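Right, dumping it as structure tokens:
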């Protein structure tokens, strides 16, 4: 096994035992990254210089043996909507080409403090709007399991780089499924924490009340390790919660005997891909055999979540993205007057999906439509949240498929935005309710495409989520399967 | 229609910059006048990814304003985004409050020549200030003729409270009185420096007119962003006349924003950029709602100083002042405090008030002095009042003594003594002089006897002259009458 193929917890013990230095590891990882990058195209920016400098620092820490964390010296990928001081942060948009933030996102600061290494900024859907990473202005990221398929999105590059061993783990962000769906499609673990669990400071906002940063890793233990570093209150983010953070690696290993698992009937609609249905049912059986109890439950308002989401998220986005006006940073297309400059800049800087959502949101918030759309959607949001509250009075976690289908081909869903939006049908209500959920591999289709299992937890109960995921993972070997980078 | 038959209906929106040390959502200082863009950070520049964090002191100041304007303080309020594009607004939205303002339903009592009037305060909400644009090049320094604009974000994110009045104001004088009273309160509770030249107090006026006796409001115009009470008064007066002229011609007033042009002394229609905005307000998702503990709200209420209105009423009762005088003396907190100390040191607080508002105010204005620059304290001025009341010196002498007091800080008793000013109030001494004067002016005495009562003034003058002005004029008058009438 090559060094770069290992997990974080495996390589961390190698580093600690001085079997390898961080510089050696970073160089090896970087070499592999570059070798496969022409095929996969995970990164908008590869930060080799930064990585090697950080690795040299990490080696000092490793040599001294003090102040070590499991991430010290470990190469990671960072989604290109997380601000990195002095390093281009584009949101995969032409609008922010060349934009170098003067500050680090809080999660980046925390990774730096833990001694982690940044190998690059990963590709994504433009401003995180999409489910295939095809809306990126820069490039099309390929699914390492089948290069003619999409990696999912919006955190497509963060998923593909972990799947293809270009990094040991990565940070993604999830507004309606943007961590879990690509994790499922690329056969890795991805966690969207409870809203408020991880600071959003420095995350370039898509929809502020839904966005949440989370880890994307090769297995559940790595996910717990990264959560230990990034979770917790941040005074720079008023919406980050002041709730104690447990050691997730300890929580993860607790027994699932008697764990109550809810299966919502609404998440197994007719006509769903039979391979996904089968893999999910098998996984549920597996969890049962490990000692958990399975109950059928109902989340009656989940059919309305997609509609509510496509009012709430674009509304917030229309406001969040208004600042890209060509005045202070990023792209500016000159005009005869200020309004013309705004119009030309925004016409040239944003891609079609971003424009579509800005228009949707602007419309929904407009005078005369606000009550019918935005306010109504807020009411639906309350009902969806209530569904989850009531469900969690009966069960500890909820298990569903992550995505109705395995990865699809490039261009397959770009003509009709609605088919693309349906990719998030199982993930979106989780963001609306603000609860945590993760996706982990639970099978492969006949054509060797990964299938993801979604486990949903109570607010701030990521520990139980990870426990269920870990127990399942340890009894299977899906997470050890590696993609072959084959062409269709 | 005769101009007098129109009734103006006026509502004011006042933007007050709070004097917190740091901005509303970040740690940048709020100091005025520093080099452009030196008091900025990623947060107040609205850089991608940044988030606001509420300044607790700003909330405290805003609640104090609510209390002092007799508002209900919302136990639950929230921030909203007001969306519009302008280069001085780096996020392209202003974080403000829409349907759940921090303070609402209050009032402010004003005093005008017609008496006291209560003006409703609709709301006083918290929001962030925008940056400033400098329109460079071109002829007028105005946007329409400039070659390019420079943006200074030092002011961006400074906390503001917007205080909105009900349309209860009926004249430019009432508007002026409202603004004066409001500024006085804001200074009393120490939440703003109210420096109008630096823009820390700015006013928009909504003006309409209607036929006297009718209920329905006329179409209003909004005169934006005035930074002087004088301009507000002038602009309102101009606007009332302009609207009356429009209606008299049989035309309709257009609802629009207007600017007060200080060089031409007229209101002017603003450009189309300000036309009917749809601000698309929605709750600011980056901030949590403001939920205030009732005990905290009550604590802030208890801690408020005595406000101008209450002080004014108390001065009227305690010191027998007229509402007008009490109003003048309480308009500034320091002046009120200074007066009250002195008023308690004399038996004649009204006389003391007259000196403070009269000669003392005049000298302070003339010599550009403030209370802290005075060379004397209240005790010495009270001494002067008492010396006058005792009849020791006359009013002309009193003015002379006051000047010595004001300019040199010499105690009035000492001035009177050193200048030998003490009035002669000894009846025998006066009688002697009176006798002498009557003897020297027999013709005048005859005139008086013959019914020409007015000549008594001439005789008093002669006595005063003979006594070198020291004789008590009141006594001189009485003694002459007594002698002539006996």
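Chains as they are written, first to last, in my numbering: chain A, 1165 to 1652; chain B, 13 to 498.
Each residue gets a CB set at the ideal place from its N, CA and C atoms; glycine is no exception.
Just so you know, these numbers come straight off a predicted model, no measurement behind them.
- By the rule that beta-carbons nearer than 8 angstroms mark a contact, residue 371 of chain B does not touch chain A.
- Nearest neighbour of residue 1565 of chain A by Cα position, chosen from A:1623, A:1615, A:1267, A:1632, turns out to be A:1615.
- Cβ neighbours of residue 182 of chain B within its own chain (closer than 8 angstroms, five residues either side excluded): 19, 20, 21, 22.
- Contact check for residue 1288 of chain A and residue 1245 of chain A: beta-carbon distance about 6 angstroms, within the 8 angstroms limit, so the pair qualifies.
- Contact annotation for residue 105 of chain B against chain A: 1483, 1486 [CB-CB distance below 7 angstroms, chain order].
- For residue 1545 of chain A against residue 1476 of chain A, the beta-carbon gap comes to about 7 angstroms, under 8 angstroms, which counts as contact.
- The residue from A:1260, A:1484, A:1637, A:1398 with its alpha-carbon nearest to that of residue 1448 of chain A is A:1637.
- Look at the region 1392 to 1420 of chain A: the residues with a C-beta under 8 angstroms from a C-beta of chain B are 1399, 1400, 1401, 1402, 1403.
- For residue 130 of chain B, the number of other beta carbons within 10 angstroms of its own is below 16, and it is reported as exposed.
- Chain order gives no chain B residues near residue 1557 of chain A, where near means a beta carbon separation below 7 angstroms; the closest approach is about 26 angstroms.
- Within chain A, no residue has its CB atom less than 9 angstroms from the CB of residue 167 of chain B, the nearest being about 16 angstroms off.
- Inside the region 1512 to 1559 of chain A, DSSP marks whole alpha helix (DSSP H) runs of 4 or more residues at positions 1516 to 1529, 1540 to 1558, from first to last along the chain.
- The three-state reading of DSSP puts residue 1326 of chain A in helix, counting H, G and I together.
- Along the region 284 to 311 of chain B, the positions whose C-beta sits under 9 angstroms from a C-beta of chain A are 285, 290, 291, 292, 293, 294, 295, 296, 297, 298, 299, 300, read in chain order.
- DSSP places residue 94 of chain B within a strand segment (E or B) once states are collapsed to three.
- With fewer than 16 other Cβ atoms inside 10 Å of its own Cβ, residue 226 of chain B counts as exposed.
- A residue is called buried when at least 16 other Cβ atoms come within 10 angstroms of its Cβ; residue 1165 of chain A does not meet this threshold and is exposed.
- Counting C-beta pairs with one atom in each stretch, the region 1180 to 1200 of chain A and the region 1322 to 1339 of chain A have three or more that are closer than 8 angstroms, which means they touch.
- Comparing alpha carbon positions, the residue from B:316, B:114, B:453 closest to residue 472 of chain B is B:453.
- Look at residue 65 of chain B: its C-beta is under 8 angstroms from a C-beta on chain A.
- Within the region 1574 to 1590 of chain A, no residue places its CB atom closer than 8 angstroms to a CB of chain B.
- A residue is called buried when at least 16 other Cβ atoms come within 10 angstroms of its Cβ; residue 13 of chain B does not meet this threshold and is exposed.
- For residue 1530 of chain A, at least one C-beta of chain B is nearer than 8 angstroms to its own C-beta.
- Taking 8 angstroms as the cut-off, the beta carbon of residue 1236 of chain A is found closer than this to the beta carbon of residue 1226 of chain A.
- Separation of residue 200 of chain B and residue 126 of chain B (C-alpha to C-alpha, rounded to the nearest whole angstrom) is 25 angstroms.
- When the beta-carbon positions are compared, residue 1340 of chain A and residue 1346 of chain A stay at least 8 angstroms from each other.
- Taking each of A:1267, A:1204, A:1175, A:1183 in turn and checking the Cα distance to residue 58 of chain B, the smallest one comes out for A:1267.
- Under the Cβ distance rule, residue 194 of chain B does not count among the residues neighbouring chain A, no pair being separated by less than 8 angstroms.
- Cβ proximity to chain B below 8 angstroms picks out 1479, 1480, 1482 from the region 1467 to 1482 of chain A.
- Residues of the region 244 to 271 of chain B whose Cβ lies closer than 9 angstroms to any Cβ of chain A: none.
- It is roughly 11 angstroms from the alpha-carbon of residue 1569 of chain A to the alpha-carbon of residue 1608 of chain A.
- The continuous alpha helix (DSSP H) containing residue 1473 of chain A extends over residues 1469 to 1484.
- Contact of residue 1456 of chain A with chain B is not assigned, every C-beta pair being separated by 8 angstroms or more.
- Rounded to the nearest whole angstrom, the C-alpha separation of residue 414 of chain B and residue 476 of chain B is 22 angstroms.
- When the beta-carbon positions are compared, residue 146 of chain B and residue 162 of chain B come within less than 8 angstroms of each other.
- Beta-bridge analysis with DSSP links residue 133 of chain B to B:118, B:177.
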